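Just below is one structure, and these are the notes that go with it.
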Amino acid sequence: MSAEPVVNGSQGGTVLLVEDEHSIGSMTRGYLERSGWRVVWVRSGEEALAELGRHQVRIVILDIRLPGIDGFDVARLVRARSDVPILMLTARDEEPDRVAGLELGADDYLTKPFSPRELVARMKAVLRRTDGRSAEDVLALDDVVLNRQAREVAVDGRTVELTTKEFDLLATLLANPGIVVSRDQLLDRVWGMTYPGGTRTVDVHVAQLRRKLGRPELIRTVRGAGYKTIRP
Ligand code: CA
Numbered sequence: 012m013s014a015e016p017v018v019n020g021s022q023g024g025t026v027l028l029v030e031d032e033h034s035i036g037s038m039t040r041g042y043l044e045r046s047g048w049r050v051v052w053v054r055s056g057e058e059a060l061a062e063l064g065r066h067q068v069r070i071v072i073l074d075i076r077l078p079g080i081d082g083f084d085v086a087r088l089v090r091a092r093s094d095v096p097i098l099m100l101t102a103r104d105e106e107p108d109r110v111a112g113l114e115l116g117a118d119d120y121l122t123k124p125f126s127p128r129e130l131v132a133r134m135k136a137v138l139r140r141t142d143g144r145s146a147e148d149v150l151a152l153d154d155v156v157l158n159r160q161a162r163e164v165a166v167d168g169r170t171v172e173l174t175t176k177e178f179d180l181l182a183t184l185l186a187n188p189g190i191v192v193s194r195d196q197l198l199d200r201v202w203g204m205t206y207p208g209g210t211r212t213v214d215v216h217v218a219q220l221r222r223k224l225g226r227p228e229l230i231r232t233v234r235g236a237g238y239k240t241i242r243p
């Protein structure tokens, strides 16, 4: 079975956790790691900015009250150089904090205290919404070319009509060339939900995609794992 990591999957990838409170930081890190994320945990904004340049960070979890520069400054400085999604942690009922954070470019906030499960749900929602924000507009593999902006797909220069879900499915697979994406991840990212038995929907849409593209070898089934496109 392939052991290739799903770098861009809804789970997996690196979380930059900026939290100076030990109990919250340690609980959050533990839960995220058990859920399949790689966690870089720092206690200050200065460290966060340094670490951001060292890793391919998928999302930043950012506390507002920090020693040294605060979370607002961190959000502003991160946003000045990157489109990485930011989820801010605010104290209870600090409405002005939330508004300020969102104005500075944070994508969402979560009020303390929160459960780790809540955090992961919110992270996924943010990732779904921001996915593709900094992604390339044109994805190509072999003679299949997908244009996100125009929402057009062409095979060998010939336009292929796809449904919305088929298009999003192909975009997700093409954005991860050579990497296995599981059915659950595809459900989550294309349909925005996870439900038992729902993965059959993914199989049906993949079959339709293969037929419409006329390139059955482009999307491989990896038994027990999911789907992947051939590496270019
Ligand atoms: Ca704090």
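Residue numbers for the sequence shown follow my numbering, so the first one is 12 and each next one is one higher. Just so you know, even glycine gets a beta-carbon here, dropped at the ideal spot from N, CA and C. This structure is a prediction, so every number in the text was calculated from the model and none was measured.
Is residue i near ligand 1, going by C-beta to nearest heavy atom under 6 Å?
i	result
Arg49	no
Arg226	no
Asp31	yes
Arg76	yes
Based on DSSP bridge pairs, tell me the residues matched to residue i.
i	result
Ala151	Val156
Lys239	Arg231
Thr39	Answer is none; Thr39 lacks a bridge partner.
Ala91	For Ala91, which the question treats as bridged, DSSP gives no partner whatsoever.
Glu163	Asn158
Leu73	Val29 and Met99
Leu224	None, per the DSSP bridge assignment.
Arg49	Thr25
Thr170	Ala165
Asp119	Leu98
Got a sec? Which residues, its chain only, sit under 8 Å from residue i by beta carbon, not counting five neighbours each side?
i	result
Ala111	Phe83
Leu115	Phe83, Ala86, Arg87 and Arg90
Gly79	Ser55, Gly56 and Glu57
Leu180	Leu197, Val201, Val213, His216, Val217 and Leu220
Thr25	Trp48, Arg49, Val50, Val51, His66, Gln67, Val68 and Arg69
Ala102	Ile75, Arg76, Asp108, Thr122 and Lys123
Thr175	none
Ala59	Leu27, Val29, Val53, Val71, Leu73, Val85 and Val89
Met38	Pro127
Give every residue of the same chain whose Cβ lies closer than 7 Å to the Cβ of residue i, excluding the five residues on either side of it in the sequence, and list them in chain order.
i	result
Arg40	Leu28, Val50 and Trp52
Ala182	Leu150, Leu157 and Arg159
Val166	Asp154, Val155, Leu224, Gly225 and Arg226
Leu133	First, the residue type needs correcting, since residue 133 is Arg and not Leu in the sequence shown. Here the set comprises Leu98, Asp119 and Leu121.
Leaving aside the five residues before and after residue i along the sequence, list all residues of the same chain whose C-beta is less than 6 Å from its C-beta, in chain order.
i	result
Val164	Leu157, Val171 and Leu173
Arg231	Lys239
Let me check you understand the geometry: is the CB of residue i closer than 6 Å to at least one non-hydrogen atom of ligand 2?
i	result
Ser93	Within the structure as shown, ligand 2 is missing, the only ligands being ligand 1.
message = Between the stretch 132-142 and the stretch 220-238, can you find at least three pairs of beta-carbon atoms closer than 8 Å?
response = A contact between stretches requires three or more CB pairs, one per stretch, nearer than 8 Å, and the stretch 220-238 fails this requirement with the stretch 132-142.
inquiry  = Tell me whether the stretch 29-39 and the stretch 67-85 touch, counting them as touching only if at least three CB pairs, one residue from each stretch, are closer than 8 Å.
reply    = With a cut-off of 8 Å on Cβ pairs, the stretch 29-39 is in contact with the stretch 67-85, counting three or more such pairs.
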